[in-house]
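**Student:** The structure follows.
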Ligand code: AMP
């Protein structure tokens, strides 16, 4: 079996997978194809002006979360959704919102996102989905000047996509009110919790009318989210696609045990052998991300880096270049692990194993999106055993161990997950722990 050959793509998921592109040879009559292609969406009760946008987006079949959520949301019910990343969640909530808003009016929908990148992504999706309506969307996030965002507000948006801090700034300045909000979406609620945004979120909800439709999405439901959901939702329908702890069936995982001192060399060797379209490398720290970028550039790789210390403009520029394919390697911290939708990421490489099991799911969810196949590679050193065990327990599977052929390991990697402890192949190749401590 060659490198990265172990596929865990199941027949079931292949059949359920939405087809993104229609067969060009079938393109005889655009009008007929549009109707035929979106009929599955029409059956969910979406109106014509939304169906047209769906056809523009190239969607043919609703994903499971869209299938379940859209009819419920069109009825005006609240939902609590635990969909895994890359499942088509954005369209699942955005399409019914647009259908219900229909025509331009006041600020009637509010979508809260934990990060600027996620907010931007949802905003971009809304631009496509609202194309055949006169609905307007505003995007508000921190780290940039207020001027342009204020202009968007003056244009009377129907939908606001925002991160909590900047939205509260505007609300505090009384730039606008949320008294006409009919639908509130709290996306990635567990991430909001991790980032300390829950008090802000509660305050924002306090600005919206008590009678509203509310949607809460969270990959995991820790007690704080559970109590928030009880407070903000009214008889919600629970929608759970995947277990919330599961990873997409389209992703092949592998663990590469390696000695700490050979980690970077193994990364370089992997990049040399993998046939990647684009690779996203995760590090635990910002400093780590900068270091990997510097080291890889010294080896003639063109590499972008993105983490919270980089200026917003620079982050956007880097994202743009990565999306367009100008940059094929991006090094990042967990800031981009949630939700960022960049199509065509063929490989996610965990240079450092994530300490929180949920982060593993989110990181690798950047590949294998919308039924495309992807590879998730994790470098693993002896000190990280507990983290790896935690991840495997969380996702309910043992990730296969792999060895890179042709790589000169100083310690022979252990392929049996039951004894995850690198053993020294040849004592003369590496100093003893005692000798290392003396250095
Ligand atoms: P999301 O989970 O909302 O971030 O979506 C992940 C990716 O799936 C995005 O690139 C969407 O454009 C794409 N997508 C969403 N719904 C569908 C669908 N029904 N058919 C094909 N692609 C979709």
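Numbering (the numbering used here), first residue to last: 1 to 439.
Note that CB positions come from ideal geometry on N, CA and C, so glycine has one too.
Remember, predicted model here, so these are calculated numbers, not experimental data.
Using the Cα positions of residue 101 and residue 356, report the straight-line distance between them to the nearest angstrom.
**Tutor:** In the chain shown, the residue the question calls residue 101 occupies position 101. In the chain shown, the residue the question calls residue 356 occupies position 356. Roughly 39 Å between the two C-alpha positions.
**Student:** Return the chain-ordered list of same chain residues with a C-beta closer than 6 Å to the C-beta of residue 280, the five sequence neighbours on each side being excluded.
**Tutor:** By one-based count along the chain shown, residue 280 stands at place 280. Within the same chain, residue 280 has close Cβ partners 330, 345, 348 and 366.
**Student:** Among 335, 293 and 104, which has the Cα closest to the Cα of residue 328?
**Tutor:** On the chain shown, residue 328 is found 328 positions in, with the first residue counted as 1. Comparing Cα-Cα distances from residue 328 to each of 335, 293 and 104, the minimum goes to 293.
**Student:** Would you say residue 239 faces chain B, with C-beta separation under 8 Å as the test?
**Tutor:** Among the chains in the structure shown there is no chain B, since it carries only a single protein chain.
**Student:** Nearest to residue 112 by CA position, among 103, 122, 104 and 106, is which residue?
**Tutor:** By 1-based counting over the chain shown, the position of residue 112 is 112. It is 122 whose Cα lies nearest to the Cα of residue 112.
**Student:** Thinking C-alpha only, which one of 206, 145, 278 and 283 is nearest residue 311?
**Tutor:** In the chain shown, the residue the question calls residue 311 occupies position 311. Cα-wise, what sits closest to residue 311 is 145.
**Student:** Mind checking residue 350: buried by the 16 CB within 10 Å criterion, or exposed?
**Tutor:** Against the chain shown, residue 350 aligns to sequence position 350. Classification of residue 350: buried, given that the 10 Å Cβ count is 16 or more.
**Student:** Within its chain, find whatever has a CB closer than 7 Å to the CB of residue 313; leave out the 5 residues flanking it on each side and keep chain order.
**Tutor:** Start at 1 with the first residue of the chain shown, and residue 313 comes out as number 313. Answer for residue 313: no residue qualifies.
**Student:** For the stretch 164-209, which segments carrying the alpha helix (DSSP H) assignment without a break, of at least 4 residues, lie completely within its bounds, in sequence order?
**Tutor:** For the stretch 164-209, whole alpha helix (DSSP H) runs of length 4 or above, ordered along the chain, are 164-172, 189-194 and 198-207.
**Student:** Can you tell me the Cα-Cα spacing of residue 374 and residue 179, whole angstroms?
**Tutor:** Counting from 1 along the chain shown, the entry for residue 374 is found at position 374. Counting from 1 along the chain shown, the entry for residue 179 is found at position 179. Whole-angstrom Cα-Cα distance: 44 Å.
**Student:** Based on the DSSP secondary-structure assignment, which residues constitute the bridge partners of residue 110?
**Tutor:** Numbered from its first residue, the chain shown carries residue 110 at position 110. Answer by DSSP bridge pairing, in chain order: 160 and 184.
**Student:** Considering only heavy atoms of the ligand AMP, does any lie closer than 7 Å to the CB of residue 71?
**Tutor:** In the chain shown, counting from the first residue as 1, residue 71 sits at position 71. Incorrect: residue 71 has no Cβ contact closer than 7 Å to the ligand AMP.
**Student:** Check for me: the beta strand (DSSP E) holding residue 217 runs from which residue to which?
**Tutor:** The residue given as residue 217 occupies position 217 in the chain shown. Segment 213-217, the beta strand (DSSP E) holding residue 217.
**Student:** Between residue 264 and residue 404, what straight-line distance do the alpha-carbon atoms span, to the nearest angstrom?
**Tutor:** If you number the chain shown from 1, residue 264 lands on position 264. If you number the chain shown from 1, residue 404 lands on position 404. Near 13 Å, if we compare the C-alpha coordinates of residue 404 and residue 264.
**Student:** Taking the straight line between their C-alpha atoms, what separation do you get for residue 141 and residue 167?
**Tutor:** The residue you call residue 141 lines up with position 141 of the chain shown. The residue you call residue 167 lines up with position 167 of the chain shown. Going by the C-alpha atoms only, they are around 7 Å apart.
**Student:** Considering only the beta carbon of each residue, do residue 71 and residue 45 sit closer than 8 Å?
**Tutor:** Here the question's residue 71 lines up with position 71 in the chain shown. Here the question's residue 45 lines up with position 45 in the chain shown. Cβ atoms of residue 71 and residue 45: closer than 8 Å.
**Student:** Just the C-alpha distance for residue 316 and residue 379, rounded to the nearest angstrom, thanks.
**Tutor:** Against the chain shown, residue 316 aligns to sequence position 316. Against the chain shown, residue 379 aligns to sequence position 379. Their backbone Cα atoms lie some 28 Å apart in a straight line.
**Student:** For the beta strand (DSSP E) that contains residue 304, what are its first and last residues?
**Tutor:** Here residue 304 refers to the residue found at position 304 when the chain shown is read from its first residue. Start and end: 303-306.
**Student:** Count Cβ pairs between the stretch 85-95 and the stretch 148-158 that sit closer than 8 Å; are there 3 or more?
**Tutor:** Because the criterion of three Cβ pairs below 8 Å is not met, the stretch 85-95 and the stretch 148-158 do not touch.
**Student:** To the nearest whole angstrom, what separates the beta carbons of residue 410 and residue 259, a pair I think is in contact under 8 Å?
**Tutor:** Numbered from its first residue, the chain shown carries residue 410 at position 410. Numbered from its first residue, the chain shown carries residue 259 at position 259. Indeed, because the Cβ distance is near 6 Å, the residues count as touching under 8 Å.
**Student:** Can at least three beta-carbon pairs, one atom from the stretch 125-139 and one from the stretch 75-82, be found at a separation below 8 Å?
**Tutor:** With the cut-off at 8 Å, the stretch 125-139 and the stretch 75-82 do not touch.
**Student:** Opposite residue 251 in the DSSP bridges: which residues?
**Tutor:** As a first step, residue 251 is located in the chain shown; it is residue number 251 there, counting from the start. Answer by DSSP bridge pairing, in chain order: 374.
**Student:** What are the boundary residues of the alpha helix (DSSP H) that residue 365 is part of?
**Tutor:** For the purposes of this step, residue 365 is identified with residue 365 of the chain shown, where counting begins at 1. Element bounds for residue 365: n/a, residue is neither H nor E.
**Student:** Apply the 10 Å Cβ neighbour rule to residue 325 and answer buried if 16 or more other Cβ atoms are within range, or exposed otherwise.
**Tutor:** Taking the first residue of the chain shown as 1, we reach residue 325 at position 325. Result: exposed.
**Student:** List the whole-angstrom C-beta distance separating residue 364 from residue 376, where the pair is believed to meet the contact cut-off of C-beta under 8 Å.
**Tutor:** Counting from one through the chain shown, the residue named residue 364 turns up at place 364. Counting from one through the chain shown, the residue named residue 376 turns up at place 376. Right, the Cβ-Cβ distance comes to about 4 Å (below 8 Å), so this counts as a contact.
**Student:** When you measure from the CB of residue 89 to every non-hydrogen atom of the ligand AMP, does any distance come out below 7 Å?
**Tutor:** Position 89 of the chain shown, counted from the start, is the residue given in the question as residue 89. Yes - the ligand AMP has a heavy atom lying nearer than 7 Å to the Cβ of residue 89.
**Student:** Following a CB-centred definition, is residue 57 positioned closer than 7 Å to any heavy atom of the ligand AMP?
**Tutor:** Walking along the chain shown from the start, residue 57 turns up at place 57. Yes - the ligand AMP has a heavy atom lying nearer than 7 Å to the Cβ of residue 57.
**Student:** Consider the C-beta atom of residue 62 and the heavy atoms of the ligand AMP; say whether any pair is separated by less than 7 Å.
**Tutor:** For the purposes of this step, residue 62 is taken as the residue at position 62 of the chain shown. Yes, the Cβ of residue 62 comes within 7 Å of a heavy atom of the ligand AMP.
**Student:** Nearest to residue 255 by alpha carbon, out of 353, 396 and 47?
**Tutor:** Looking up residue 255 in the chain shown gives position 255. Nearest of 353, 396 and 47 to residue 255, Cα basis: 353.
**Student:** DSSP state of residue 412, grouped into three classes?
**Tutor:** Indexing the chain shown from 1 puts residue 412 at position 412. Here residue 412 sits in strand by DSSP.
**Student:** On the three-state DSSP scale, how would you describe residue 58?
**Tutor:** Against the chain shown, residue 58 aligns to sequence position 58. Looking at residue 58 - three-state DSSP - the assignment turns out to be coil, as it is neither helix nor strand.
**Student:** Can you tell me whether residue 66 sits near the ligand AMP, meaning its C-beta is under 7 Å from at least one heavy atom of the ligand?
**Tutor:** Counted from its first residue, the chain shown places residue 66 at position 66. Correct: residue 66 has its Cβ closer than 7 Å to the ligand AMP.
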